[in-house]
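Okay, so here's the structure we're looking at.
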Amino acid sequence: MLFEFKENKPKLHTSVYVAPGAQVIGQVLAEEDVTIWFNAVLRGDNEPIKIGKGSNIQDGTIIHVDEGYPVIIEENVTIGHNVILHGCTIRKGALIGMGATILNGAVIGEGALIAAGAVVGEGKIIEPGVLAAGVPAKPLKQLSKENIARIADGAGHYVNKGKEYRKENIR
222 MLFEFKENKP KLHTSVYVAP GAQVIGQVLA EEDVTIWFNA VLRGDNEPIK
272 IGKGSNIQDG TIIHVDEGYP VIIEENVTIG HNVILHGCTI RKGALIGMGA
322 TILNGAVIGE GALIAAGAVV GEGKIIEPGV LAAGVPAKPL KQLSKENIAR
372 IADGAGHYVN KGKEYRKENI R
């Protein structure tokens with residue numbers, strides 16, 4: 222469901238798939254082939270939420286902003302089930318594992334992988350192509366070029382799945 226807030230309406234490319242039960246509020250900009258899955262909440266009330274081409278926001282994820290802390294998700298990013306993103310930046314081709322939390326001012330580098338359940342603290346920078354895990358999240362290892370490519374390619378699965386759901390008229 223799309224909601225206007227303080228005269229700000231979500232701006233979604235015509236190819237964006239929003240599943241039933243998802244709530245998209247205020248300053249949300251989603252580019253081509255983005256998918257927003259069941260019961261996700263994207264609340265762009267204080268700052269914008271920008272989602273790049275081919276990225277996916279999986280079931281139960283909450284994305285929220287704070288004054289001075291927009292959320293920027295670049296292209297081909299996978300945001301796993303039940304993730305919390307709060308005023309952070311996720312660079313191209315990254316994967317945020319199920320149940321992870323990313324806090325204000327944090328930056329997740331291109332092709333990085335944040336393990337399920339990890340908590341990335343305020344202002345923390347995770348370098349490109351790194352696997353980070355734990356509470357608080359710490360870098361564990363540099364990923365291979367093959368793993369980084371596989372993570373980025375995984376976002377395409379959700380682009381295709383969104384097209385299937387649109388075809389079945391599940392909206």
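First residue of the sequence shown? That's 222 in my numbering, and the numbers climb one at a time after it. Positions of the beta carbon are idealized from the N, C-alpha and C atoms, including for glycine.
Item	Value
Member of GLY344, ASN325, LYS382, ASN381 whose CA lies at the smallest distance from the CA of ILE284	ASN325
Proximal residues to ILE257 (C-beta, below 6 Å), its chain only, five neighbours per side dropped	VAL239, ALA243, ILE278
At least 3 beta-carbon pairs within less than 8 Å: the stretch 306-317 vs the stretch 351-366	no
Cβ-based burial, ARG264 [other Cβ within 10 Å; buried from 16]	buried
ASP180 in three-state terms, based on DSSP	In this structure the chain extends from 222 to 392, so residue 180 is not present and cannot be described.
Coarse secondary structure for ASP374, derived from DSSP in three states	helix
Alpha-carbon to alpha-carbon, ILE272 and HIS234	11 Å
Buried versus exposed, by CB contacts within 10 Å (16 or more), GLY383	buried
Minimum length 3: unbroken beta strand (DSSP E) runs contained in the stretch 341-367	351-354, 359-363
VAL340 beta carbon less than 8 Å from that of ALA353	no
Beta-carbon contacts of ASN267 that lie in its chain and below 7 Å, excluding the five residues immediately before and after	VAL286, ASP287, GLU288
Cutoff 6 Å; reference GLY247; Cβ partners in own chain excluding five residues on either side	PHE226, ASN229, GLY265, ASP266
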